[in-house]
Structure formats: structure tokens, C-alpha cells
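Peer 1: Following full-length UniProt numbering, the numbering of the sequence shown begins with 4 at its first residue and continues without gaps. Sharing a structure, written as C-alpha cells. Questions coming.
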Amino acid sequence: PRVRHTADQETEFLVVANRLPVHLEAHGTAEPRWQRSPGGLVSALEPILRARRGAWVGWAGTTGDTPVAFHDPDLRLHPVPLNESEYRDYYEGFSNATLWPLFHDAVAPPEFKQAWWQSYRQVNQRFAEHTAAVAAPGATVWIQDYQLMLVPALLRERRPDVRIGFFLHIPFPPPELFLQLPWRTEVVDGLLGADLVGFQLPGGARNFLQLVRRLHRGESVAGGQPTPVLGTVRLPGRTVRAGAFPISIDTAGLEALAHSEAVRERAQRIRHRLGGSRKIMLGVDRLDYTKGIDQRLRAFEGLLAKNRITAQDTVLVQIATPSRERVEHYRRQRARVEAQVGRINGTFGQVGRVPVHYLHTTVDRTELAALYQAADVMLVTPLRDGMNLVAKEFVAARPDLGGALVLSEFAGAAHELPQALLVNPHHLSELEDTMAAALDLEERERRHRMRELRRHVRERDVHHWARSFLSALSEGGHGAVPG
Ligand code: GDG
């Protein structure tokens, strides 16, 4: 059996992403089954996929021969196969050890390897071929993220009739960083295959337009377009637009979950288990070196060492979701974080009372919502982050207007959430002071800030994001201009 393939059915709207929105789930002793993966992207796109006879092109997440059947009448799936060496070179290598660090301010040194690049090109080619094979004439194709930056041009070569949008979920770096990339021209030309290139922030779009100018890839013009489009690149025969489309969350869905009995009860239990009157600080991140987990732990340790907090009155819960575990920088990051947690608990803990509860695991949606609700202070301290959905989710999960959000200036979310307690995570004493201030925030101010934050996250949810990108995509011209 294989993942349902519908190559015979041409589709008018296609989402192309590294991963299909499904994963294998164990079923006792029976064979594992395919399940829908929850996530903002799927819930935002599902109504559109359904209404427009849409389909999703992506990798199913296994390098084995053929995935087991996945049946879902609403979501047609086109799996793109990857073998073990492609997973290593295209995904772990070029995507996550070259592009990921380079695009996040090179906070870890990016590695440049020819073999990884070749694999990236080859896999992008395969994605383009699969997409070209199933798109209906004049279809709209929306390509997602840094793993697939060559697909827009590769697809256009094969299918000049389709309308192509691309959205980058991670930051687009300033030209002086991007230019380190040995294959910089190829990557920029890949993106220029799109009709619309979307970024999280206006700064990303401007970096891209500047880079195009620096590399002489077309005549780039800032402004002159209705927002959120910030500029255009004129190429022979066609125009590429670039703009900012800050992604968001399924606010209503999370709010409903936050109101549920199960979540409210679980939040109570968590508070009780952690010691009733103790203040709870919370971190939820993929275990990634860009997330500033070490900075946050160092600041927490500083507060304990200076006696500004004690293990009696404050506890930090850190959920660190396993991520990219075979990539060297990730292994080292895990070792660093775990050494810090051990040191803090060893120094400041007592039997039955440790200051840091560290979980290297994934928790389910209910548990996550309950943790958000139990927290007094949410710590989101990345060194660089495209957006950061955790910050928005925390806000959506707090209809009680409780909790304070400490948010790094270097998260995309900081541009939209100025009512958070903004902080520079590189500045240790400032981070300590901000964390302490969040613990002591006066109730009136805390409620006021939370109300404003919630207003924003309600108005600008993931549906707004998808609508604004797709309507910008449909408004512009596309493809080759006749004559
Ligand atoms: C990239 C960009 C951008 C985490 N642990 C658990 C869990 N999560 C969920 C969170 C959140 C998501 O994972 C993480 O999203 P972030 O936005 O925080 O970060 P990245 O994974 O780095 O995402 C980022 C995003 O793309 C979207 O464009 O915002 O800047 O780096 O939704 O809730 N979910 C569950 N259990 C966990 O243990 N259920």
C-alpha cells in the first residue's frame, strides 16, 4: 500500500512543503497508521484546499520504500520520496547545517559542502517535477520555506502557466551574511522563479530586494505597490513582488481548547504539583541553538545566585522538544543545556524541590495549553527567530488575562507584540532584570498588557495570514508576459 496518489486528478491549488501534514502513529501491536499532524499551517490551508480541489506535495517523513496508505477525503497527498542519503545531505546537511544557521545570523557557523548542495538541488528538482505533473493549467502553487528555495524557478521552467507563491518561515538575512553562501546566485534565481515572495517581516523583504540589486539579478524597486507588498524585481518579461506576511496561529481553536474543562483542570494540577504558591516560569521550544535556552537558563541561575529568587518561591519548567538530533550543533546544544540544568538543580535544589523542571520530550496539545495556562511568566528568548508561534499561543491560551510574556527583540513576533516585556537576550543582566520584573508585574499592568496582546492575536490569526498572502498572489500578474 502507498500514500494515496492522485496524479490522474489535476489540481488547481497546491501547497508544496518539505513535510506532508501526516505522521506515523503506533497502534499497540498493530501496524502503525498515518495520522494527520496538527498545526497552524494545515488548519489555515485546509478550507482553501477543500474549496479549490487542492492537494499537498511533500515528503512523508520516512526514508523507507513506500509509506502505508493514508486516507483522508479532504486532503489529497502527493508524497515525494527521499532516500537515506538525501535525508542526510539535503535535509540535515544543506537545509539545517548550512541554510538554517546562515539565515539565523550565523549564531552557529554554517557549513558549506558541495555534496550537500548537489543533493539539495536534486531534491528540489524532484519536488518541482512532482508538482509540475499534477498542477492543472493555470493552477496556483504555494511553496513553503527554506528547504525548497529552488523550486519556484525549477517549476516555472516546466510550467510557465502556473501562478507561483513562495513563503519563507525563517528570517531572510542581510546581504552581507547571505553573500557567504557559495551558491548564492543560484538560490536567489530559484526564488525569483516565484510571482510573489513572502517574508515574515518587512526587513526580510528589504534584505531580499537589496540582495537582488547587489547580485544584479534584475531591477529591484522599493515601494510603489499596495502593502503588504514592499517592492518588485523587474526581470525580462515579468515582475516578481516581495512582501511581508507575518504568520500566526489558529487563535480560535486554541482559545476553545484553553476554555475546556480538561485544560483548566490540568493547569490547576500542574500548579499544585509544582508547589501551589511558587511562581512558574515556562519555556517551550524545539531544542535549537537559536532559541536562546542557554541564555534564559543563565539568567535564571543569576537570579538564584543573587538571591533575587529562591527554589522556594520560583520554578522554571522547560519543555525542549527533540529536534534534528543527528546534526552536530544540535547535539552540542543539548549537552550544554543539560549541563546547565544539572548545575542549577545541583547548586540550588533540595530533596523534593528543584528549581528547574526540564523535559526533553514532546507534550500533547492539551498538556501544552495547560502549561501555558499554569505559567506566571512565559520566556521566549530566541537569538533570532522568523516569528515564534509559542509567544502567540501563550497569549491565546490566557483568556484569564493572567501571565506575563518576556519576548526577545530578535523574534519576529516582537514587531507585532510590543506590549510584551521586550528584551535583548544577549544582555545577561537586562534579561535577569526583565525576568524579575515579569515575576513582579503589578496585576493591573499585567492584565492591560495581556488584553492588548490578545486583541492583536485575535485579529491577526493564521487565516488572516493565508488570506492576505493568497489575495496578494492572485492580484499580481504572473507568468510570461505575451509579446
Ligand atoms: C519555524 C520558525 C516560525 C513545540 N513543542 C511542542 C509543540 N510545539 C509547537 C509549538 C509551536 C511550534 O511547535 C513551534 O513553532 P515556533 O514558531 O515557535 O518555532 P519553529 O519550530 O522554529 O518554527 C518560526 C514558524 O516556523 C512558523 O512560520 O514562527 O520562527 O523558526 O506551534 O506549539 N507542540 C506540541 N507539543 C510540544 O511539545 N503539541
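Yeah, the Cβ is synthetic: ideal placement off N, Cα and C, and Gly gets one too.
How about Ile322: is its Cβ closer than 7 Å to a heavy atom in the ligand GDG?
Peer 2: To locate residue 322, count along the sequence shown from 1; it is residue 319. Yes, since a heavy atom of the ligand GDG falls inside the 7 Å radius drawn around the Cβ of Ile322.
Peer 1: Give the DSSP-derived three-state secondary structure of Arg299 in the structure shown.
Peer 2: Your numbering for residue 299 matches position 296 in the sequence shown. The answer is helix: DSSP assigns Arg299 an H, G or I state.
Peer 1: Using C-beta distances below 6 Å, list every residue in its chain close to Arg327, excluding the 5 sequence neighbours before and after it, in chain order.
Peer 2: Counted from its first residue, the sequence shown places residue 327 at position 324. Excluding sequence neighbours, Arg327 sits near Asn99 and Tyr333.
Peer 1: Below 8 Å between beta carbons: does that hold for Arg237 and Gly221?
Peer 2: Stepping through the sequence shown from its first residue, residue 237 is reached at position 234. Stepping through the sequence shown from its first residue, residue 221 is reached at position 218. In this structure, Gly221 lies closer than 8 Å to Arg237 by Cβ.
Peer 1: Could you tell me which residues DSSP puts in a beta bridge with Gln183?
Peer 2: Within the sequence shown, the letter at position 180 stands for residue 183. Paired residues: none, contrary to the question.
Peer 1: Under the three-state reduction of DSSP, which class applies to Tyr292: helix, strand or coil?
Peer 2: Locating residue 292 in the sequence shown gives position 289, counting from the first residue. Correct three-state label for Tyr292: coil.
Peer 1: Does the distance from the C-beta atom of Leu476 to that of Asp198 stay below 8 Å?
Peer 2: What you label residue 476 is simply residue 473 of the sequence shown in a count that begins at 1. What you label residue 198 is simply residue 195 of the sequence shown in a count that begins at 1. Taking 8 Å as the Cβ cut-off, Leu476 and Asp198 qualify as a contacting pair.
Peer 1: Tell me the DSSP secondary structure of Met381 in three-state form.
Peer 2: As a first step, residue 381 is located in the sequence shown; it is residue number 378 there, counting from the start. Looking at Met381 - three-state DSSP - the assignment turns out to be strand.
Peer 1: Is it buried or exposed, Arg368, if we count other Cβ atoms within 10 angstroms and call 16 or more buried?
Peer 2: Translated into the one-based positions of the sequence shown, residue 368 becomes position 365. Its Cβ having fewer than 16 others within 10 Å, Arg368 is exposed.
Peer 1: Would the C-beta of Glu132 count as close to the ligand GDG, meaning under 7 Å from any of its heavy atoms?
Peer 2: Position 129 of the sequence shown, counting from 1, holds the residue named residue 132. No, the ligand GDG has no heavy atom inside 7 Å of this Cβ.
Peer 1: For the ligand GDG, is there any heavy atom lying closer than 7 Å to the beta carbon of Ile146?
Peer 2: The sequence position of residue 146 within the sequence shown is 143, counting from 1. Checking the Cβ of Ile146 against the ligand GDG gives no.
Peer 1: My output table needs one value for Val243: the three-state DSSP class, helix, strand or coil.
Peer 2: Residue 243 sits at position 240 when you count from the first residue of the sequence shown. DSSP places Val243 in strand when its eight states are reduced to three.
Peer 1: Quick check: does the Cβ of Arg368 come within less than 7 Å of any heavy atom belonging to the ligand GDG?
Peer 2: The count along the sequence shown starts at 1 and reaches residue 368 at position 365. Within the cutoff, so yes.
Peer 1: The alpha helix (DSSP H) with His262 in it runs from where to where?
Peer 2: Reading the sequence shown from its first residue, position 259 is the one you call residue 262. Note, His262: alpha helix (DSSP H), Thr254 to His262.
Peer 1: In angstroms with no decimal places, state the Cα-to-Cα distance between Arg276 and Glu28.
Peer 2: The sequence position of residue 276 within the sequence shown is 273, counting from 1. The sequence position of residue 28 within the sequence shown is 25, counting from 1. Distance between the alpha carbons of Arg276 and Glu28: 30 Å.
Peer 1: Can you check DSSP and say which residues form a bridge with Pro82?
Peer 2: Within the sequence shown, numbered from 1, the residue matching residue 82 stands at position 79. Answer by DSSP bridge pairing, in chain order: Gly61.
Peer 1: Taking the alpha-carbon of Ala142 as reference, which of Gln321, Pro385, Gln183 and Leu52 has the nearest alpha-carbon?
Peer 2: As a position in the sequence shown, residue 142 is number 139, starting the count at 1. Ala142 has its Cα closest to that of Leu52, out of Gln321, Pro385, Gln183 and Leu52.
Peer 1: Check whether the segment 270 to 289 and the segment 243 to 259 are in contact - that is, three or more C-beta pairs closer than 8 Å.
Peer 2: Cβ pair count under 8 Å is below three, so no.
Peer 1: Is there contact here, the segment 352 to 362 with the segment 308 to 325, by at least three beta-carbon pairs under 8 Å?
Peer 2: The segment 352 to 362 vs the segment 308 to 325: in contact.
Peer 1: Counting only runs of 4+ residues fully inside the segment 414 to 446, write out the alpha helix (DSSP H) ranges in chain order.
Peer 2: Entirely contained in the segment 414 to 446, the alpha helix (DSSP H) runs reaching 4 residues are, in chain order, 431 to 443.
Peer 1: Out of Glu478, Val190, Ser263 and Ala469, which has the shortest C-alpha to C-alpha gap to Gln203?
Peer 2: Translated into the one-based positions of the sequence shown, residue 203 becomes position 200. The candidate whose alpha carbon is nearest that of Gln203 is Ala469.
Peer 1: Could you tell me whether the segment 101 to 108 touches the segment 79 to 88, using the rule of 3 or more Cβ pairs below 8 Å?
Peer 2: The segment 101 to 108 vs the segment 79 to 88: no contact.
Peer 1: Does the distance from the CB of Gly196 to the CB of Leu157 come in under 8 Å?
Peer 2: Within the sequence shown, numbered from 1, the residue matching residue 196 stands at position 193. Within the sequence shown, numbered from 1, the residue matching residue 157 stands at position 154. Taking 8 Å as the Cβ cut-off, Gly196 and Leu157 qualify as a contacting pair.
Peer 1: Taking 7 Å as the cut-off, is the CB of Glu396 close to at least one heavy atom of the ligand GDG?
Peer 2: For the purposes of this step, residue 396 is taken as the residue at position 393 of the sequence shown. Flag set: Cβ of Glu396 near the ligand GDG.
Peer 1: His262 to Glu446, Cα distance in whole Å?
Peer 2: Start at 1 with the first residue of the sequence shown, and residue 262 comes out as number 259. Start at 1 with the first residue of the sequence shown, and residue 446 comes out as number 443. Approximately 21 Å, taken between the alpha carbons.
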